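Here our numbering is used: the first residue of the sequence shown is 20, the next is one more, and so on.
Each residue gets a CB set at the ideal place from its N, CA and C atoms; glycine is no exception.
Keep in mind that this is a model prediction, so the values were computed, not measured.
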Amino acid sequence: MGRSELMAVSLGYALVLAALFTAVIVGGLLVARDALLDDYPPAIRERHGPQSPRGKRTAAVMGLLNALLFVALPLAGVRELHGRTEDTLGFWPAFVLGGVAFLVLVLTDLLVLDWLLFCTVRPRFMVLPGTDGMPEYRDYAFHWRVLVPRPVPWPPLAIPGYGVAVGAVSAVAEALVA
Numbered sequence: 020m021g022r023s024e025l026m027a028v029s030l031g032y033a034l035v036l037a038a039l040f041t042a043v044i045v046g047g048l049l050v051a052r053d054a055l056l057d058d059y060p061p062a063i064r065e066r067h068g069p070q071s072p073r074g075k076r077t078a079a080v081m082g083l084l085n086a087l088l089f090v091a092l093p094l095a096g097v098r099e100l101h102g103r104t105e106d107t108l109g110f111w112p113a114f115v116l117g118g119v120a121f122l123v124l125v126l127t128d129l130l131v132l133d134w135l136l137f138c139t140v141r142p143r144f145m146v147l148p149g150t151d152g153m154p155e156y157r158d159y160a161f162h163w164r165v166l167v168p169r170p171v172p173w174p175p176l177a178i179p180g181y182g183v184a185v186g187a188v189s190a191v192a193e194a195l196v197a
């Protein structure tokens with residue numbers, strides 16, 4: 020399997036993961052606008068008050084659905100990669116698949132969900148009751164600081180970390196089956 024084929028499969032699964040992640044986020048916010056209250060800027064959280072019981076339940080369901088996506092999509096992707104190679108897959112192709120998938124997910128979260136929808140468009144399902152018009156909804160830098168916190172920028176470090184996890188699981192599974 021060549022690099023272009025590996026990248027095509029990786030990007031395909033990354034886009035599916037990002038689309039399903041976005042659907043879970045938007046769907047959850049349509050059910051309970053305060054489901055992601057902890058992800059809002061502090062001033063908005065303070066004005067809104069505590070998270071509702073419905074918001075807590077919805078957040079738990081969203082977390083479970085996303086956890087399932089983070090496991091199921093790489094497994095499906097690795098299975099497809101394995102079907103495209105005549106030899107063992109090994110660590111690196113699965114690492115690339117996982118790394119590309121998480122990179123696309125992080126960029127989708129920042130650029131589409133945070134900056135485009137939350138900061139620019141501000142649909143009703145993202146605006147918490149009693150907080151309409153707050154300038155913090157347009158705080159693009161807040162979302163950047165969440166993505167790259169100091170002193171340890173753990174979200175960008177999770178990109179290769181997810182690749183390592185997917186690659187390691189793939190390599191171990193191959194070794195156990197062989």
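Practice task
Under 8 angstroms by Cβ, that's how I've got Gly-186 and Trp-111 pegged, so tell me the actual separation to the nearest angstrom.
Solution key: Yes, they are in contact, since the Cβ atoms of Gly-186 and Trp-111 sit about 7 angstroms apart, within 8 angstroms.
Handout entry: alpha helix (DSSP H) segment containing Leu-87, residue limits
Key = Leu-87 -> alpha helix (DSSP H) spans 72 to 102.
Exercise for the section: For the alpha helix (DSSP H) containing Glu-105, list its first residue and its last residue. Expected result: It is not in any alpha helix (DSSP H) - Glu-105 carries neither H nor E in the DSSP assignment.
Exercise for the section: Would you check if the distance between the CB atom of Gly-118 and the CB atom of Gly-182 is smaller than 7 angstroms? Expected result: Contact flag set, yes.
Practice task
Taking the CB atoms as reference points, tell me whether Thr-127 and His-67 lie closer together than 7 angstroms.
Solution key: His-67 is positioned such that its CB atom lies no closer than 7 angstroms to that of Thr-127.
Exercise for the section: Determine the closest residue to Ala-190 out of Met-153, His-101 and Trp-173, with distance taken between C-alpha atoms. Expected result: Of the candidates Met-153, His-101 and Trp-173, the one whose C-alpha sits nearest the C-alpha of Ala-190 is His-101.
Problem - N- and C-terminal bounds of the alpha helix (DSSP H) containing Leu-48 - result: Leu-48 -> alpha helix (DSSP H) spans 22 to 50.
Practice task
Report the residue from Ala-120, Leu-25, Met-81 and Arg-103 whose alpha carbon sits nearest the alpha carbon of Ala-42.
Solution key: Of Ala-120, Leu-25, Met-81 and Arg-103, the residue nearest in Cα terms is Met-81.
Exercise for the section: With a threshold of 16 other CB atoms inside 10 Å of the CB of Val-115, please say whether the residue is buried or exposed. Expected result: Buried: at least 16 other Cβ atoms inside 10 Å.
Practice task
Could you check if Gly-152 is buried or exposed, using at least 16 other CB atoms within 10 Å of its CB as the buried criterion?
Solution key: Classification for Gly-152: exposed.
Exercise for the section: Compare the Cα-Cα distances from Glu-24 to each of Gly-96, Ile-63, His-162 and Asp-57 and report the closest residue. Expected result: Selected option, being the one with the closest Cα: Gly-96.
Exercise for the section: Can you have a look at Arg-76 and say buried or exposed, based on whether 16 or more other CB atoms are within 10 angstroms of its CB? Expected result: By the neighbour-count definition (other C-beta atoms within 10 Å, threshold 16), Arg-76 is an exposed residue.
Problem - Status (buried if at least 16 other CB within 10 Å, exposed otherwise) for Leu-48 - result: With 16 or more Cβ atoms within 10 Å of its Cβ, Leu-48 is classed as buried.
Exercise for the section: Compute the Euclidean distance between the alpha carbons of Arg-143 and Asp-57, then round it to the nearest angstrom. Expected result: Within the model, the alpha-carbon separation for Arg-143 versus Asp-57 is close to 18 angstroms.
Exercise for the section: Look at the alpha carbon of Gln-70 and the alpha carbon of Trp-134, and state the distance between them as a whole number of angstroms. Expected result: C-alpha separation (whole angstroms): 23 angstroms.
Problem - Beta carbon of Leu-39 nearer than 7 angstroms to that of Leu-88 - result: Taking 7 angstroms as the Cβ cut-off, Leu-39 and Leu-88 qualify as a contacting pair.
Problem - Residue from Val-171, Ala-184 and Leu-147 with nearest C-alpha to Pro-60 - result: Minimum Cα distance to Pro-60 is reached at Leu-147.
Exercise for the section: With a cut-off of 8 angstroms on the beta carbons, I'd call Val-123 and Ala-37 a contact; round off their distance for me. Expected result: The C-beta distance from Val-123 to Ala-37 rounds to 5 angstroms, short enough to meet the 8 angstroms contact threshold.
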